[in-house]
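Structure, as structure tokens:
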Amino acid sequence: MATAVCPRCARVVRLHEGRPFITASGDVELWHRECREARLLPTLADPVFLAPPPPSRHKHWLIGAGAAASAALVVIAITQWTWAVSTQPVASAVPDPEVIQREPLTVPARTVVKELTPPTRERTVTAISDQHAVPDHASGVPLDEAFYTLRGWLHPISGVDGLLPITSQGGFGAERQGIERTECGRGHCGVDLHGPRGRGIIAVATGVVVRVELRRDGGDGMSGRYVKLRHEDGSTTAYMHLDSVDNALEPGDTVYAGQFLGTLGSTGVAANAPHLHFALELPKDPDRAGEETLFVDPAPFLARSKISPIVSRGDLVHAVKPAF
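If you read the sequence shown in this note's numbering, its first letter stands for residue 313, the second for the next number, and so on.
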């Protein structure tokens, strides 16, 4: 079959595929259909498509050799990178002896001072008796040696929770109006001990009843009902503001430590809550008991006292009447 070359793309045009064109000189040209349609476009900008030459063994050999060379280069590059990484210095737990010789360790001249943790403060619980030392008598001996019945007291309120006044105003020497005793500080000649109203009041030590006051406000209008005892060593204790007093008690009766005297109350008290006013008096001269006395703070001896179980009127042990 006859063939021709397309004037535009210079490729072979088969006779049955071409489009004929007669030139001005009368020659017949055979064009590709797309070249015929695009003949008016400039041919310089169009890419020239060349028919691929038939493959040859020589070309395949070159391509294979190039691929092998590329693979070899990649392997070489990876090998060099791996070697470079492996030769980098790595920290080791075991030091190199040569490095130690070249760079010997040195001890700094100044030692580092570690911050010291402050010691933990231990909280010590001080016994209440240690907070209230026993004062000395004028003779230079402790009061509980000069007056032996001050040792081993029972607390005057049976079954009480606390030994001492709960407020400073209830302490010995607190401010009170109308009382002028120099040994009583600002006027309070005793301590105010709180407890439940009606709780049994007991004798702190064995003694003899020297006075029983049954009037509601007392003889002075503020002491209320009370009982006063004199003990064997000449000391006296008073139990005031009682709601009730044991009816069997009379002056001269002997009562024992822990014996029921009355009940806690508020007789003779203007505005305060029910409480026991407890007072301690000591003779100036231990050898002349019953004459001139001084009020003394009973707190050191209350702090060393023992709390008895609750005592009520039903547990009453009657006082011993004097023998005539």
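Quick reminder that beta carbons are idealized off the backbone N, C-alpha and C, glycines included. Small disclaimer: the values here were computed from a predicted structure and weren't measured.
Nearest residue (CA-CA) to Ser470, options Ala569, Leu342, Cys347, Glu346: Counted from its first residue, the sequence shown places residue 470 at position 158. Out of Ala569, Leu342, Cys347, Glu346, Ala569 has the C-alpha closest to the C-alpha of Ser470.
Buried or exposed by the 16-neighbour rule on C-beta atoms within 10 Å, applied to Gln571: Position 259 of the sequence shown, counted from the start, is the residue given in the question as residue 571. Its Cβ being crowded by 16 or more others within 10 Å, Gln571 is buried.
Beta-ladder partner(s) of Ile469, from DSSP: Translated into positions along the sequence shown, residue 469 becomes position 157. According to DSSP, Ile469 bridges with Ile513.
DSSP-derived helix/strand/coil call for Ile334: Counting from 1 along the sequence shown, the entry for residue 334 is found at position 22. It is a strand residue.
Host alpha helix (DSSP H) of Asp456 (start-end): Counting from one through the sequence shown, the residue named residue 456 turns up at place 144. That run of the alpha helix (DSSP H) goes 455-458.
Same chain only: Cβ atoms within 6 Å of Arg488, ignoring 5 sequence neighbours per side: Here residue 488 refers to the residue found at position 176 when the sequence shown is read from its first residue. Correct list, in chain order: Gly499, His500.
Pro454 versus Gly546: straight-line alpha-carbon distance, rounded: For the purposes of this step, residue 454 is taken as residue 142 along the sequence shown, with counting starting at 1. For the purposes of this step, residue 546 is taken as residue 234 along the sequence shown, with counting starting at 1. When rounded, the distance between both Cα atoms is 16 Å.
Enclosing beta strand (DSSP E) for Glu341 [first to last residue]: Position 29 of the sequence shown, counting from 1, holds the residue named residue 341. Its beta strand (DSSP E) spans residues 340-343.
Nearest-angstrom Cβ-Cβ length linking Val618 and His444, presumed shorter than 8 Å: Within the sequence shown, residue 618 is the residue found at index 306, counting from 1. Within the sequence shown, residue 444 is the residue found at index 132, counting from 1. For the sequence presented, residue 618 should be read as Lys rather than Val. Going by Cβ atoms, the distance from Lys618 to His444 rounds to 15 Å, so no, they are not a contact pair.
Stretch-stretch touch, CB-based, cutoff 8 Å, three pairs: the stretch 576-588 with the stretch 550-557: Taking 8 Å as the limit for Cβ pairs, the verdict is that the stretch 550-557 does touch the stretch 576-588.
Nearest neighbour of Phe607, chosen from Glu544, Thr548, Pro332 [CA to CA]: Position 295 of the sequence shown, counted from the first residue, corresponds to residue 607. The residue with the shortest Cα to Cα distance from Phe607 is Thr548.
Tyr460 burial status per 10 Å Cβ neighbour count (16 or more: buried): Taking the sequence shown and counting its residues from 1, the one referred to as residue 460 is at position 148. Exposed, since its Cβ has fewer than 16 Cβ neighbours within 10 Å.
Residues near Val446 in its chain [Cβ-Cβ closer than 7 Å; skip 5 each side]: Indexing the sequence shown from 1 puts residue 446 at position 134. Counting only Cβ-Cβ distances below 7 Å, and skipping sequence neighbours, we find Pro454, Leu455, Asp456, Pro612.
Per-residue burial, Val387 [other beta carbons within 10 Å of its own, 16 or more giving buried]: Within the sequence shown, residue 387 is the residue found at index 75, counting from 1. Counting the other CB atoms within 10 Å of its CB gives Val387 a total below 16, which places it among the exposed residues.
Rounded Cβ spacing between Ala560 and Ile440 (contact assumed at less than 8 Å): Position 248 of the sequence shown, counted from the start, is the residue given in the question as residue 560. Position 128 of the sequence shown, counted from the start, is the residue given in the question as residue 440. That pair is no contact at about 35 Å.
Status (buried if at least 16 other CB within 10 Å, exposed otherwise) for Asp532: Locating residue 532 in the sequence shown gives position 220, where the first residue counts as 1. By the 10 Å Cβ count, Asp532 comes out exposed.
Proximity below 9 Å, CB of Arg542 to CB of Val524: To locate residue 542, count along the sequence shown from 1; it is residue 230. To locate residue 524, count along the sequence shown from 1; it is residue 212. No. Outside cutoff.
heavy atom of the ligand COA below 8 Å from Val521 C-beta: You won't find the ligand COA in this model; it holds no ligand whatsoever.
Expected contact under 8 Å - CB spacing of Val503 and Pro477 to nearest Å: To locate residue 503, count along the sequence shown from 1; it is residue 191. To locate residue 477, count along the sequence shown from 1; it is residue 165. Contact between Val503 and Pro477 holds: CB atoms are separated by about 5 Å, below the 8 Å threshold.
For Val557 and Arg537, believed in contact at Cβ under 8 Å, the rounded distance: On the sequence shown, residue 537 is found 225 positions in, with the first residue counted as 1. On the sequence shown, residue 557 is found 245 positions in, with the first residue counted as 1. The C-beta distance from Arg537 to Val557 rounds to 5 Å, short enough to fall under 8 Å.
Contact belief for Leu588 with Gly507 at Cβ below 8 Å, rounded distance in angstroms: Translated into positions along the sequence shown, residue 588 becomes position 276. Translated into positions along the sequence shown, residue 507 becomes position 195. Contact holds; Cβ gap of about 7 Å.
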